[in-house]
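Input: a single structure, listed below in structure tokens.
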Amino acid sequence: MTAWVIGNWKQNPATLAEAKTLATELSTIAASADLTHCQLMVIPSLVHISVVADKLHGSALTVGAQDISAYSATTGAYTGDCSALQVKNAGATWVLVGHSERRQYHGEGQTTLQQKLTLALESDLGAIFCIGETEEQYERGQTLSVIEDQLQVIEQVVANSKVASQAMTERLIVAYEPVWAIGTGKVPTSEEVSATHHHIKQVLAGIDQSLCAVKVLYGGSVNADNADQFAAAKDVDGALVGGASLKAESFLTIVNAFAQP
Ligand code: PGA
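Number 145 in this note's numbering belongs to position 165 of the sequence shown; there are no gaps in the numbering.
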């Protein structure tokens, strides 16, 4: 199995110079790691994509974008937005869709996410679709029903877009990120994560049999100390890492945990 380890830099670092330094450090460590069983991606801020993509050109690291416009895949009067075409032109080949911070702070709901996922896939970008329950939903035992609702976006895209579900198998990743685990240091047990991932894979296969091969990553407070436990968990195909991806050393430790055959 090939695992994915993806660094979501969020609104970091503060300067272009720091983004360049981090990209340079990551390309050096990627050159020394055994990546036979692991694929790597970093997702910088939109304004840093082109410089980071330049620095990582020829390395094992792929570059993604944190967001794309829901309104146009190309150009248009959408102040503040960047389109799928623009992020691709800057050097991104993947995009995050449905991250809980976009859902929470930007009010992105199912319709917006369906539009973004459709535009990404129709533009030949890969998409990392993020799902996960809040702490309250977790405590009420609603995790599986919440993620089933969130996965309906994928079902709608399969039903309504021009993208063949077969092509989606390679260009879609699902990241399960419990909202209460993001940036908090709190994590579910690996048994809980495995059970949830198993359910996600069943739901995907129910949408279309070819989607049973879609990778399902865990995200939420993954760090150098707990990466081994998630890497060993059943049905966990990699990690989406926030805070710990901002230091080359901790990112490398996480990569090494998931790079084991
Ligand atoms: P975290 O963030 O690793 O800092 O918890 C993960 C994410 O939001 O993707």
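The beta-carbon is built from N, C-alpha and C at its ideal position, and this holds for glycine as well.
With a cut-off of 8 angstroms on Cβ pairs, the stretch 31 to 43 is not in contact with the stretch 77 to 85, counting fewer than three such pairs. Positions of the beta strand (DSSP E) runs, each at least 3 residues long and wholly inside the stretch 21 to 94, are given as 41 to 45 and 74 to 77 in order along the chain. Straight-line measurement puts the Cα of S52 at about 23 angstroms from the Cα of K(-10).
Listed in chain order, the non-local C-beta contacts of M21 below 8 angstroms within the same chain comprise W(-16), V(-15), I(-14), G(-13), L41, T42, V43, G44 and W74, local neighbours out to five positions each way being set aside.
Q19 carries a strand assignment under DSSP once its states are collapsed to helix, strand and coil. Taking C-beta atoms under 8 angstroms as the contact rule, T176 and T123 qualify, at a distance of about 6 angstroms. At the C-beta level, I108 and A155 come within 7 angstroms of one another. In this structure V137 touches Q94 by the C-beta definition: roughly 6 angstroms separates them, less than 8 angstroms.
Rounded to the nearest angstrom, the gap between the Cα atoms of G186 and G78 is 21 angstroms.
Distances taken from the Cβ of N(-12) to the heavy atoms of the ligand PGA include one shorter than 6 angstroms.
Annotation: the continuous beta strand (DSSP E) that includes K195 extends over K195 to G199. For A155, the enclosing beta strand (DSSP E) stretches over residues L152 to Y156.
Under the rule that a run must span 4 or more residues, the alpha helix (DSSP H) segments found entirely inside the stretch 100 to 149 read 115 to 119 and 123 to 140. One thing to note: A13 has its Cβ no nearer than 7 angstroms to the Cβ of L36. When rounded, the separation of the alpha-carbon atoms in Q66 and Q117 is 37 angstroms.
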